[in-house]
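Student: Residue numbers (numbering that gives the first Met the number 0), protein chains in the order written: chain A, 0 to 125; chain B, 0 to 328.
Beta carbons: idealized from backbone N, C-alpha and C, even for Gly.
First the structure, which I've put down as structure tokens, then a few questions once you've had a look.
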Amino acid sequence: MSEPENLLFTVDHEWVRVEGGTVIIGITDYAQEALGDIVFVQLPTPNDVVSANSTLSEVESTKSVSDIYAPVSGRVIKVNETLSTSPELMNSSPYGDGWIAVLEMSDEHELENLLTLEEYQKLIDN
Amino acid sequence: MPLSYPSGTISEHLATRNAATMFDVSHLGTVRVEGPSAFDLLQKTLTNDLDKIAPGRAQYTHLLDDRTGSVTDDIIVWWIDREVFDIMPNASNTSSVLASIPGQDITRERAIIAVQGPKARSLAALLLPEVNQLSHFGVVRSRWNRQPITIAGTGYTGEDGIEVFVPNQFAPSLWNELANVGVMPAGLGARDTLRLEAGLPLHGHELGEGITPLQVGLEWVVAFSKPDFLGRKALLAEKNRGITRKLVGLRGFSRQPLRRDQEIVKDGRPIGFTTSGNFSPVYGVGIAMGFIEPDCDIGQEVVLESKGKSIPAEIVKLPFVKKAYAKQR
């Protein structure tokens, strides 16, 4: 699987899909591959207000624990509850059923700090 | 050995519990001790009693620090022939084992493939028919494709299985033929979650400096009936004094993996720490092993704390998954 177009990325290997004033976020295929089998996700709390780069959730695989950071500032309006019983969806479908949460952005200008597909591709190729 | 093959740690783990997998464990050390004095040397050095077995059998045993009784290494001895022993230390401990047991380091001459799981024997026997007659912890010398091999009914997963000692250059073809009969390759990640579920200690975690066999419930490995072995005096003193901590299992209530170095807290008071932890693929919850005060009972609820996290868990008996070894043949 390659990293799809029409998404923005972070240096922490997360993806962002912009839909109006909200963003859907998840981890990239590269990230799930590096983490190995994901067995537990500490989901964000709905309605929590987070600032960009603060810890949003935590993902645990059989080999490690990784923080998930908020790519932009905003309020958590939806979380993917399915991940609490089926965290392996983050491995099998990182850009689809493995999404983590939806944030309502408080400052859309922050999107300018994110990477394009081309920039992200360069990051992981190095 | 890679951390995992493309199938991933969880599938490799479950395939070991339900069918058969193979691990490239060539990284383990092998020290050959032979000659008329070999038996006596091992008998006065290692904790277990070789008089309990005979040539053609393997034995789990410990090498202790003579002064403290700490476990320098845990070892499987393959008693191959009357005066020939292959002893298998942990990779990183081979040199400290050689210091106490002068033998020949033959690690680089051979590969070892471990085939493990309820179907391990029946599948391996398609290539190595003598596996059908091999008992749990039996050892047999044989040939495969005209090459000398040694097979033992041993492993580190809690499942039945074998380990095959094969000259390096023939290991890839044996590996491929095992794959062709349906044995799935598995990596270090699964090896670790499997041994954790089976309650098997790992040196550097549940064994090592400051840790004696008595503290981890392995007194059966120690033959106090022998007049001498390294660490006997220190261990006997600890036995008379009573241990100050014991190894137990910890079982969480959610999928969240338990991890090593978490503090074990009961009623607000620290009573120990974890030594290994992960997610149990069989039970679908976090599990760990850890040391606690010896008077603390099984069944009590505790909290595991680290880095601001508190995870509730229950103290349980080891192992988590009952061992499924073949009956004595």
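Of the residues that make up the stretch 21-53 of chain A, which ones have a beta carbon closer than 8 Å to any beta carbon in chain B?
Tutor: Those residues of the stretch 21-53 of chain A that come within reach of chain B (Cβ to Cβ, closer than 8 Å) are G35, D36, V38, F39 and Q41.
Student: Can you tell me which of the three DSSP states S36/B falls into?
Tutor: Coil.
Student: Tell me whether the stretch 44-51 of chain B and the stretch 214-234 of chain B touch, counting them as touching only if at least three CB pairs, one residue from each stretch, are closer than 8 Å.
Tutor: The stretch 44-51 of chain B is in contact with the stretch 214-234 of chain B.
Student: Please tell me whether I99/A and I24/A are closer than 8 Å, where the distance is taken between their beta carbons.
Tutor: Yes. Within cutoff.
Student: Would DSSP call S65/A helix, strand or coil?
Tutor: Strand at S65/A.
Student: Going along chain A, which residues have a C-beta under 8 Å from I9/B?
Tutor: Those within 8 Å of I9/B in chain A are D36, V38, T61 and E87.
Student: Any idea which residues DSSP pairs S275/B with across the strands?
Tutor: According to DSSP, S275/B bridges with M288/B.
Student: Could you tell me if F252/B is buried or exposed, where buried requires 16 or more neighbouring beta carbons within 10 angstroms of its beta carbon?
Tutor: Exposed, since its Cβ has fewer than 16 Cβ neighbours within 10 Å.
Student: For G137/B, name the three-state secondary structure that DSSP assigns.
Tutor: Reduced to three states, the DSSP call for G137/B is strand.
Student: Check each candidate in W77/B, T8/B and T93/B and name the one with the smallest Cα separation from H202/B.
Tutor: Taking only the C-alpha atoms, the option nearest H202/B is T93/B.
Student: So E218/B and E262/B are in contact, right, with Cβ under 8 Å, and what is the actual spacing, rounded?
Tutor: In fact, because the Cβ distance is near 27 Å, the residues do not count as touching under 8 Å.
Student: For L257/B versus A287/B, is the C-beta distance shorter than 8 Å?
Tutor: A contact, by the Cβ cut-off of 8 Å.
Student: Taking the alpha-carbon positions, what's the S69/B to V220/B distance?
Tutor: Spanning the two alpha carbons is a distance of roughly 14 Å.
Student: What does the alpha-carbon distance come out to for the pair A57/B and L34/A?
Tutor: One C-alpha to the other measures close to 38 Å.
Student: Identify every residue that forms a DSSP beta bridge with T149/B.
Tutor: DSSP lists R140/B and F164/B as partners of T149/B.
Student: Secondary structure at R259/B, three-state DSSP: helix, strand or coil?
Tutor: Coil, per DSSP.
Student: Would the stretch 28-45 of chain B and the stretch 122-138 of chain B be scored as touching if the rule is three or more Cβ pairs under 8 Å?
Tutor: The stretch 28-45 of chain B, when compared against the stretch 122-138 of chain B, does not touch it at the 8 Å Cβ threshold.
Student: Rounded to whole angstroms, how far is the Cβ of I297/B from the Cβ of V315/B, which I believe are closer than 8 Å?
Tutor: I297/B to V315/B, Cβ: 6 Å. Contact.
Student: Taking C-alpha atoms, which residue in Q42/B, I148/B, N167/B and P311/B lies nearest to Q255/B?
Tutor: The shortest Cα separation from Q255/B among Q42/B, I148/B, N167/B and P311/B belongs to P311/B.
Student: Name the two residues that bound the continuous alpha helix (DSSP H) containing Q343/B.
Tutor: Nothing in the structure corresponds to residue 343/B, since chain B is present only between 0 and 328.
Student: Only counting the same chain, and skipping five residues up and downstream in sequence, which positions put a Cβ closer than 7 Å to that of L235/B?
Tutor: F223, listed in sequence order.
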